[in-house]
Amino acid sequence: MSDADRSEGESLLKRYSTRALVAGVTIASVVALLLAGLLFPDSLAGTLSDALTSRNTLASALRLSVPIAFAALGGIFAEKSGVINIGLEGLLIISAFSAIYVADITGGVWIGFAGGVVASTLLAALFAVVTIGFRADQIIAGLAVWLIALGLAPFASQVIYSSPNTPTVATTGSITVPVLADLPFFGALFSASPSVYMLFAAVFGSWYVFERTAFGRWIRASGENPKALDTAGVSVTHVRYAAVLISGVLAGMGGAALSLDLGQFTGNGPTMVNGKGFIAIVAYLFGNYNPVGAFLSTMLFAGLDALQTVLQLQGIGIPRQLIRITPFVVVILVLALVGRTRLPEAAGEHYDTEE
Amino acid sequence: MASAVHLDGITKRFPGVVANDNVDLEVEPGTVHALLGENGAGKTTLMNVLYGLYEPTSGTVRLDGEPQTFRSPRDAIDAGVGMIHQHFMLVDPMTVTENITLGNEPRKWGGLAVDRSAAREAIVDLADRYGFDVDPDARVEDISVGEQQRVEILKALYRGADTLILDEPTAVLTPQEVDELFDVLEELTAQGKTIIFITHKLGEAMRAADEISVLRDGRKVGSVDADGTTQEELAELMVGREVLLDVDHGTAETGDVVASVSDIVVEDDRGVPAVNGVSFEIRGGEVFGIAGVDGNGQSELVEAVTGLRTPDTGEIRFRGEDVTSASRRDRIDAGMAYVPEDRQERGLVMEFDLVENGLLGSQHDPELAANGRIDWSKTRGHADAIIDEYDVRPPDADAEAHSLSGGNQQKFIVGREFERDPELVVASHPTRGVDVGSIEFIHERLLELRQQGVAILLVSSKLEEVQGLSDRLAVVYEGEFIDVVDPDETTEEELGLLMAGERPGDGGRPEATESEATERDEPADLTDSADGERA
């Protein structure tokens, strides 16, 4: 009895301790920095804590988070069901362009937004048919999704607008809650783009689906032990199609939010998406496939990026490239050294219904 | 309440093999029925038909007299048939309750949420009703195998099963858990459930079942009352008399000791000793046979000799040298050939063609691969020679291994291993699931090698085979050699008694201690179905 208790306690400890440690260290160092900044306002720590507590930092972290976090949520749905969707980057690109294009021809920002979501979902559907229906390798198909979008979006822009960059359209603007928006720091939460609020809803919604609904359990079972789900009488194929389509919808919302926030799609080089889809993968891995965890990791990465921008303005230059690789360094450390992220057992494997 | 199961004339054919041949089975309601047979006898196939995983080629399934057509397990579940597979169908990171209710979750709020308290209550009620001890909130990955099995049983009961099929339920259990399982089965039948359990262990069938049906080579060879039979009778039914193969045994000059095993103890995957202090030696030109009911330590012994498993104690010598912890490669290089019992798992790479498969084990042979480069034209010549010499059909080196029938796959493996110029051949069930023509062919080749002075260790559960080919025959029971006999001077009945654990002279079964009393199983070879024969 006591043995069982102890081993359970140990496994709980193992399951949570390292992640808790990372979170604890992060919080402790931020608190230490803020204290140091408070005590010595003129030191580097002072400047840093000023930047950290600035409302602008939070506002820009939130804005940077939107496309990444949406894509990360989408990635969670797909991968938890057993389909690794590394084409998130491509879904973001295609929806970012389509949203601007549809907004441009219809004149409606939200119609454009819907257009972006539809485009991304269609591309995700293609990915689903190829990987689930025709059992193609998920990684290769996912790379294809990225490369198709990377080529197609700037090309379409070139054909339609004679430039890889589209003209500017109306933006989604922002929603401001009176009074609350004037709060220091947290005020940024109450004066933000509608897509920020949609993201909050999506994070909660995703969490709810996984934790509370039967469908969420089926997705988990489909990625962990598809045979168990199949013998329980639920079609693994249907669940996986649904999960991949949801990932298309969510990534589409992220891409549309990204371009409509600026009112323009820029298609030069890696396009305006510029690796956000890959950071999204890192974010959900770091967040251990938990929607809330993925959102917090996104905020951490985006926060670093925002901080860097703010510091740049204050004359403390940290190379942007260095900040941009942080998520990847972090994920390698987390996966290799800490190793607490547990991939779904059957992720990446095809499921054969006939036995 | 309970369903009586009737299977009428079930035949199930797979390409090239008949897994079930006109099998009739009648199971009385509220009883435990054991389906006994060797691996590959067709037990699991038959139950997969009852569970809707396979549609029978011919024959009908009736429940309570009503003919049923099951197109999927879903149909079988709806008709009240549940199956607990050997490999549990559980989602490890989910809780017991989540696993049991998967696919049938109680809902609330118009289906928008799982009613978790209702689900938990249902599981607690169910567990109470049948006296199961399970924690509904524990994660499956944190509970023992025995508990996981109870979760599987609860899953079937939650779906309203009246008939439960258990496939080799004791294979993964400790002795204590086996006792608990049998208590559970008793409780279930007391409450009107009908149980069919698949096993190849005589003792368990006798202990837990009311009635026992024995399958052999896809046919039912008898149904007996558990109280009115003996282990000896069952062993005879199981192993049986097969097509008499006229093996010209002949005599051969025996040479020096090629291999010797002294006092080895080998643990199985669960850490329980499967081989318990076995010693023997084999001379050149001699076939040393090991007979016994499957799962008495044969697999582990063979794995220890061939270098796939390290013995815990004891010593294995080969050509005078201690090879107890030598690698596979060293043993191959020293002249040890191995025909594994599971050709698809260990003998071949199914997606490779025969050229590539012919190279396996010889990838360091300077003849075929010098300086790290494979000489493909020589390798192809090597494969062609095996195909030609061992009559592998179709004679096409470019054919992928999975496209061959089981018999031809086996002939190719035998050819590859015998062509190594071995000093010792370890042949584990070399003719399992192989057609009669190929059986004779393989037997002839084995005897040819013996004539050439090669030492042969032959493990088989086919009595005819080991008796016909061996010069000396050891009978293994629960990891120990019960006796080593001269096969020509021993009758089948005497061997049957030995295989059931009756020691010569003492007139009774060895009084094994509690921990030793469980029969062993073979983790590597649990799948008793015709899958192995499908091309």
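Residue numbers (UniProt numbering), protein chains in the order written: chain E, 1 to 355; chain D, 1 to 535. All C-beta atoms in this analysis are idealised placements derived from N, C-alpha and C, irrespective of residue type, glycine included.
Cβ of residue i within 7 Å of any chain D Cβ
i                     : result
residue 240 (chain E) : no
residue 301 (chain E) : no
residue 173 (chain E) : no
residue 234 (chain E) : yes
Selected residue, minimal CA-CA separation from residue i, among the options
i                     : options                    : result
residue 284 (chain D) : D:497, D:425, D:153        : D:425
residue 290 (chain D) : D:57, D:77, D:465          : D:465
residue 254 (chain E) : E:147, E:73, E:104         : E:73
residue 145 (chain E) : E:169, E:286, E:248, E:163 : E:248
residue 9 (chain D)   : D:67, D:356, D:286         : D:67
residue 469 (chain D) : D:477, D:62, D:130, D:451  : D:451
residue 473 (chain D) : D:363, D:191, D:282        : D:282
residue 37 (chain D)  : D:4, D:216, D:86, D:162    : D:216
residue 253 (chain D) : D:504, D:12, D:503, D:447  : D:447
residue 17 (chain D)  : D:192, D:127, D:59, D:219  : D:219
residue 291 (chain E) : E:227, E:301, E:205        : E:205
residue 176 (chain E) : E:170, E:61, E:188, E:184  : E:188
residue 610 (chain D) : D:209, D:385, D:259        : The structure shown does not extend to residue 610 (chain D), since chain D is modelled only from 1 to 535, so the question has no answer here.
residue 224 (chain D) : D:4, D:25, D:261           : D:25
residue 43 (chain D)  : D:31, D:63, D:22           : D:22
residue 103 (chain E) : E:79, E:270, E:264, E:53   : E:264
residue 199 (chain D) : D:180, D:189, D:212, D:192 : D:212
residue 145 (chain D) : D:202, D:270, D:56, D:5    : D:270
Contacts that residue i makes with chain E (C-beta to C-beta distance below 8 Å)
i                     : result
residue 114 (chain D) : 212, 213, 214, 217
residue 10 (chain D)  : Within 8 Å Cβ-Cβ: nothing; residue 10 (chain D) doesn't reach chain E, min ~18 Å.
residue 503 (chain D) : Within 8 Å Cβ-Cβ: nothing; residue 503 (chain D) doesn't reach chain E, min ~39 Å.
Neighbour flag for residue i against chain E, beta carbons, 7 Å
i                     : result
residue 340 (chain D) : no
residue 422 (chain D) : no
residue 73 (chain D)  : yes
residue 245 (chain D) : Because the pLDDT at residue 245 (chain D) is just 47, under 50, the model does not fix this residue reliably, and the value given afterwards should be weighed accordingly. Chain E, which has no Cβ nearer than 7 Å to the Cβ of residue 245 (chain D), makes this no.
residue 511 (chain D) : Only weak support is given to the placement of residue 511 (chain D): the predicted model assigns it a pLDDT of 43, under 50, and the value that follows is read from those uncertain coordinates. It does not; no Cβ of chain E falls within 7 Å.
residue 20 (chain D)  : no
residue 514 (chain D) : Per-residue confidence for residue 514 (chain D) stands at a pLDDT of 38, beneath the threshold of 50, marking its modelled position as unreliable; the derived number appears in the next sentence. Closer than 7 Å: no.
residue 486 (chain D) : no
Residue i: contacting residues in chain D (beta-carbon distance under 8 Å)
i                     : result
residue 224 (chain E) : 91, 92, 93, 94
Proximal residues of chain D, C-beta to C-beta of residue i below 9 Å
i                     : result
residue 229 (chain E) : 89, 91, 102, 103
residue 221 (chain E) : 91, 94, 98, 99, 102, 103
Identity of the residues DSSP links to residue i by a beta bridge
i                     : result
residue 85 (chain E)  : Answer is none; residue 85 (chain E) lacks a bridge partner.
residue 428 (chain D) : D:459
residue 318 (chain D) : D:259, D:321
residue 68 (chain D)  : D:61
residue 267 (chain D) : D:273
residue 438 (chain D) : Paired residue(s): none; residue 438 (chain D) is not in a bridge.
residue 208 (chain E) : Paired residues: none, contrary to the question.
residue 130 (chain D) : Answer is none; residue 130 (chain D) lacks a bridge partner.
residue 282 (chain D) : D:259
residue 481 (chain D) : D:476
residue 108 (chain D) : D:113
Under 9 Å by beta carbon: chain E residues contacting residue i
i                     : result
residue 150 (chain D) : Simply none; closest approach about 15 Å.
residue 270 (chain D) : What residue 270 (chain D) touches in chain E: nothing, since even the nearest Cβ is about 18 Å away.
For residue i, the first and last residue of its enclosing alpha helix (DSSP H)
i                     : result
residue 6 (chain D)   : Looking at the DSSP string, residue 6 (chain D) is not in any alpha helix (DSSP H); the run it does join, the beta strand (DSSP E), is 5-14.
residue 276 (chain E) : 276-286
residue 411 (chain D) : 406-418
residue 82 (chain D)  : Counting along the chain, residue 82 (chain D) falls outside any alpha helix (DSSP H), though it belongs to the beta strand (DSSP E) covering 81-84.
residue 231 (chain E) : 226-231
residue 318 (chain E) : That residue, residue 318 (chain E), is in no alpha helix (DSSP H); it is neither H nor E in DSSP.
residue 190 (chain E) : Unbroken run through residue 190 (chain E): none, as it is neither H nor E.
Contacts of residue i in chain E (Cβ-Cβ under 7 Å)
i                     : result
residue 413 (chain D) : Chain E residues near residue 413 (chain D): none, gap ~26 Å exceeds 7 Å.
residue 77 (chain D)  : 233
residue 107 (chain D) : 214
Host beta strand (DSSP E) of residue i (start-end)
i                     : result
residue 33 (chain D)  : 32-37
residue 472 (chain D) : 472-477
residue 225 (chain D) : 219-225
residue 19 (chain D)  : 17-27
heavy atom of the ligand ZN below 6 Å from residue i C-beta
i                   : result
residue 9 (chain D) : You won't find the ligand ZN in this model; it holds no ligand whatsoever.
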